[in-house]
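In what follows, a structure is listed as structure tokens, so that the remarks can point back to it.
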Amino acid sequence: MKKIFILLLLTYNTFSQNVLQNNNTSVSITPEGISSRNTNSEDNIRIGLHALRDNTGGDNIAIGNLAMLLGSGGKFNIAIGGQALFNTSGQQNVVIGGGIINSMSIGSYNTAIGSGALGLTYKGKNTAVGVQAGYGSANNDDSSGVYLGYQAGKNEPGSNKLYISNTDTENLLIWGDFYAAKLGFHGKVGIGTKNPLTNLHIYQTAGHSQILLNNSNIGTTLTDGLSLISDTNGDAHILNKENKPLNFGANNFGSYMTVYPAGEVGIGLLGFLPSANLHLHETEAGQATKFKISNAFSSLYGNDGFMFEYSTQGEMLMNNLETQNIILNSNPYNSTPELFVSGSSRVGIGTSNPTTKFEVNGFTKLGSDAPSIKIKKLTIQTASSDVEPNNITYVPHGLNGAKILGVQVLVEYALNQYVPNAFTNNPSYEFHYLVNNTNDIEIKVKPGNSSSILNKTAKILITYEE
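For the sequence shown, the working numbering begins at 11 and goes up steadily by one.
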């Protein structure tokens, strides 16, 4: 036992003298053995064949065959994997995976995890996670990039970029530009949902969903700016929370329609304040201002529907383009329209079936001090005898006699030829009439002077007041 112990002690002393001599605080574990000798640099840890072979920097950790092989001045690097940081003279790089940044010569402050990550990229401040993420091309000097996923941004050039993908593609799921402050998505984005149905889908499990837009000039609270809201009742809101107009535009112009803070709506005002709750204006010379209504019955083409128009001559026009009726009512429950304009160009007041160009069903008044009147027409036959008392025809008028203002009677003695009351220019045409107190009009042919108007048609026109 004593002989074995002495032999081991001699072997250890001999190995220590050959391996740990010239100690410069570096430790190397290679196929040749464990050594503290490194004439190029100090404070390194290297494990693997030729790891840190040419390094003159220091404070590096290289684990893997050929890790940090050719880089000369690199410091504070961590390289784990075969050929990791193969040709790097930069500093403060952290890489895990074979062949990572294996052509980089001056890159610093990079972090790469995955075989081939940042493989040919030689500038700094890049972060790559995934096999061949941010691999790049020869002499690729991209910097300050972030690459997440298998081959994410593998062949996409540019510095200060964000690439998130699971394959080498131009249409990355997420892309960004840190310098320009841009973020792009190739696909549908869900907020509050894992199953977005549109390019942007916002889902709120409780309460209403809201998109808020504001800036430093108007404030950053919930009561500032513009909100797009879908509330819990199913109502949708576009709300300007400032005491300012809400503008709607098109064709790269932003104020064709404006909703003002007091609720007025202006269309075509181009920034001028409306003078009514709804104010329409046509800015183009030679064009009338038009307001049109249409529906499924009328269709929606140029000659369909109902049109309000303010012409270039200052005329106000209302046109039913369907050759249908126009009805005006102050009370929607009126069964009879107050003003009716038929498609055949007839006007009725108090009737929906005017039989002439203008028909009034009710009393009319001409002047503020005039009576409200109506007119009634009666047609009868005169007496067939001029012998009293059979020479009188009694005509019931059905009116209050006290309201009668005038009576006109014409008797047709021949076709379309008439004589009035008390006509004596020619013999045999004389008749007289009166309004009695029994609500009759008495038509009396003159005895001995009415033979030409016996048993003839008489027209009676009665004017009476309300």
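All C-beta atoms in this analysis are idealised placements derived from N, C-alpha and C, irrespective of residue type, glycine included.
If you draw a 10 Å sphere on the C-beta of GLY58, you find 16 or more other C-beta atoms in it, and that means buried. When ASN341, SER340, PHE368, LEU232 are compared, the shortest CA-CA separation from VAL351 is found for PHE368.
Residue environment for GLY416: exposed (fewer than 16 other C-beta atoms within 10 angstroms of its C-beta). Taking LEU409 as the centre and dropping the five residues before and after it, the same chain places the C-beta of TYR474 closer than 6 Å to its C-beta, in chain order.
The beta-bridge partner set that DSSP reports for THR361 is empty.
Distance between SER378 and PRO347, taken at the CA atoms: about 24 Å.
Every unbroken stretch of the beta strand (DSSP E) spanning 3 or more residues and falling wholly within the region 425-476 is given here in chain order: 427-430, 441-445, 450-455, 467-475. In the pairwise beta carbon analysis, the region 182-195 is classified as not touching the region 212-223: fewer than three pairs are separated by under 8 Å. By the criterion of a C-beta distance shorter than 7 Å, THR208 is surrounded in its chain by LYS198, once the five residues flanking it on both sides are discounted. Beta-bridge pairing by DSSP links GLN101 to LYS85. According to the DSSP assignment, GLY264 belongs to the beta strand (DSSP E) that extends over 263-269.
Residues SER265 of the same chain have their beta carbon placed closer than 7 Å to that of GLY281, with the five preceding and five following residues left out of the count. Around the Cβ of LEU76, a 10 Å sphere holds 16 or more other Cβ atoms; the residue is buried. Rounded to the nearest angstrom, the Cβ distance from LYS466 to ASP396 is 12 Å, too far for a contact under 8 Å. DSSP, read as helix, strand or coil, puts ALA393 in coil. Residue state for ALA138 is assigned as strand, using DSSP reduced to three classes.
If you draw a straight line from the Cα of GLU252 to the Cα of ILE239, it is about 16 Å long. Annotated three-state conformation of GLY259 is strand, per DSSP. Collapsing the DSSP output to three states places GLY411 in a helix.
Collapsing the DSSP output to three states places ASN335 in coil. In the DSSP assignment, PRO406 falls within the beta strand (DSSP E) that extends over 402-406. Scanning its chain for C-beta atoms nearer than 6 Å, with the 5 sequence neighbours on each side dropped, one finds around ASN257 the residues GLY264, SER265, THR268, in chain order. For the set ALA143, ASN400, VAL429, GLN102, the Cα lying nearest the Cα of GLY108 is the one of ALA143.
Under the 10 Å beta carbon count, PRO406 is surrounded by fewer than 16 other beta carbons and is classified as exposed.
The secondary-structure analysis by DSSP pairs LYS171 across a beta bridge with ASP187. Taken through DSSP and simplified to helix, strand or coil, ALA306 comes out as coil. DSSP places LEU223 inside the beta strand (DSSP E), whose first and last residues are 219-223.
If you draw a straight line from the Cα of ALA272 to the Cα of HIS211, it is about 32 Å long. For LYS192, the enclosing beta strand (DSSP E) begins and ends at 192-195. The three-state secondary structure of TYR320, taken from DSSP, is strand.
Of the residues ILE453, LYS164, GLU440, the one whose Cα lies closest to the Cα of GLY126 is LYS164. Taking 8 Å as the cut-off, the Cβ atoms of SER118 and GLN93 do not count as close.
In this structure, LEU130 sits away from ALA162, with a CB-CB distance that is not shorter than 8 Å.
Inter-residue distance for GLY276 and GLU294 is about 16 Å (C-alpha atoms, whole angstroms). The beta-carbon distance between LEU464 and ALA393, rounded to whole angstroms, is 7 Å. This is short enough to meet the 8 Å contact definition.
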